[in-house]
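**Student:**
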Amino acid sequence: MYHTYKNGFIEVVCGPMFAGKTEELIRRIKRLEYAKQNVLVFKPKIDIRYAENEIVSHNLSKKPSIIIENSSEIIPYINDKVDAVVIDEVQFLDFDIIHIAEDLADRGIRVIVGGLDRDFRGEPFGPMPDLLARAEFVTKLTAICVKSGLPATRTQRIINGKPAHYNDPTILVGANESYEPRSRHYHEVPGKPKKI
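For the sequence shown, the working numbering assigns the number 1 to the initial residue and increments by one for each residue that follows.
Structural data, given as structure tokens:
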């Protein structure tokens, strides 16, 4: 699929929580390593759910990563030997990541980012909409809705056993104690304004 492209493009792996995004990133990292490619892996400092210096999937597959607070911290690591840059949980980064990803791809680096495309409200999350629009390749994963068994495209936040309110803060780092996958018709956001 990629052989018709020159080196340097953006790939986005997105979907709700528990869809296997990090697992897919790790699979791609392993393939790049097998092909003797020099890969740098980054993740935002805010994501310390399973490990501090690794990206870790919910089934505990892992790869070492470089912790960054701002997307500009990626730049000093880039040199002529870098073939690919992988960023997990990209929705937590600042909007500069959009231009950095474009610049890296223009310089011939394969950029693979993974993250939530929607926040708990079901709204586009952080820089993800722009990255999706600019990517050459998009993989949109689904989970399984815990209520219906249907494909889940949304992330339900649960606070004290109830759906989180629309006005709650956007970012709350957690895993299965705070979130579950839901399909469109089982996703609940009390207080969400109705759109006509």
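Cβ coordinates follow ideal geometry from the N, Cα and C atoms, glycine included. A quick note: this is a predicted structure, and the numbers were derived from the prediction, not measured.
Which of the three DSSP states is assigned to tyrosine 186 in this structure?
**Tutor:** Helix, per DSSP.
**Student:** Could you check which residue in Phe120, Arg28, Ile67, Ser72 has the C-alpha nearest to that of isoleucine 46?
**Tutor:** Residue Ile67 is the option with its Cα nearest to isoleucine 46.
**Student:** Which value, in whole angstroms, describes the spacing of the CA atoms of alanine 84 and lysine 194?
**Tutor:** Approximately 42 Å between the Cα atoms of the pair.
**Student:** Closest by CA to phenylalanine 92, which one among Arg28, Ile10, Pro44?
**Tutor:** Residue Pro44 is the option with its Cα nearest to phenylalanine 92.
**Student:** Would alanine 143 and alanine 152 be called neighbours here (beta carbons separated by less than 8 Å)?
**Tutor:** Taking 8 Å as the Cβ cut-off, alanine 143 and alanine 152 qualify as a contacting pair.
**Student:** Let me make sure I understand the geometry here. Which of Ile87, Thr139, His165, Gly161 has the alpha-carbon closest to that of proline 16?
**Tutor:** When each option's Cα is compared against that of proline 16, the closest is Thr139.
**Student:** For arginine 110, which residues from the same chain have a beta carbon less than 6 Å from its beta carbon, with the 5 sequence-adjacent residues on both sides left out?
**Tutor:** These residues qualify, in order along the chain: Ala84.
**Student:** In whole angstroms, what separates the C-alpha of serine 71 from that of phenylalanine 9?
**Tutor:** Those two C-alpha atoms are separated by around 18 Å.
**Student:** I'd like the list of long-range same chain contacts for serine 183, defined as Cβ closer than 8 Å, with 5 residues on each side in sequence excluded.
**Tutor:** Closer than 8 Å at the Cβ level, and outside the excluded window around serine 183, lie Cys145, Lys147, Ser148, Leu150, Pro151, Ala152, Thr153, Arg154.
**Student:** Can you give me the C-alpha to C-alpha distance between aspartate 117 and leucine 172, rounded to a whole angstrom?
**Tutor:** For aspartate 117 and leucine 172, the distance between alpha carbons rounds to 15 Å.
**Student:** Closer than 7 Å: is that where the CB of cysteine 14 sits relative to any heavy atom of the ligand ATP?
**Tutor:** In the structure on display, the ligand ATP does not appear, and there are no ligands present to speak of.
**Student:** Along the chain, where does the beta strand (DSSP E) that runs through threonine 22 open and close?
**Tutor:** Premise fails: threonine 22 lies in the alpha helix (DSSP H), 21 to 34, not in any beta strand (DSSP E).
**Student:** Starting from the C-beta of glutamate 24, find all residues in its chain whose C-beta is less than 6 Å away, skip the five residues before and the five after it, and write them out in chain order.
**Tutor:** Once the five neighbours on either side are set aside, the close Cβ partners of glutamate 24 are Val13.
**Student:** Keeping to the same chain, check which residues put their C-beta closer than 6 Å to that of glycine 126; ignore five residues upstream and five downstream.
**Tutor:** Correct list, in chain order: Gln91.
**Student:** Threonine 128 to alanine 101, Cα distance in whole Å?
**Tutor:** Note that residue 128 corresponds to methionine in the displayed sequence, not to threonine. So the two alpha carbons sit approximately 12 Å from each other.
**Student:** Closest by CA to isoleucine 74, which one among Asp103, Val56, Asn59, Ser61?
**Tutor:** The candidate whose alpha carbon is nearest that of isoleucine 74 is Asp103.
**Student:** Near aspartate 197, which residues of its chain fall below 7 Å by C-beta distance, leaving aside the five closest residues on each side in sequence?
**Tutor:** Limits of the chain in this structure are 1 at one end and 196 at the other, which puts residue 197 out of reach.
**Student:** Would you mind listing the beta strand (DSSP E) stretches within the region 134 to 176 that are 3+ residues and don't spill past its ends, in chain order?
**Tutor:** Qualifying beta strand (DSSP E) stretches, in chain order: 137 to 140, 154 to 159.
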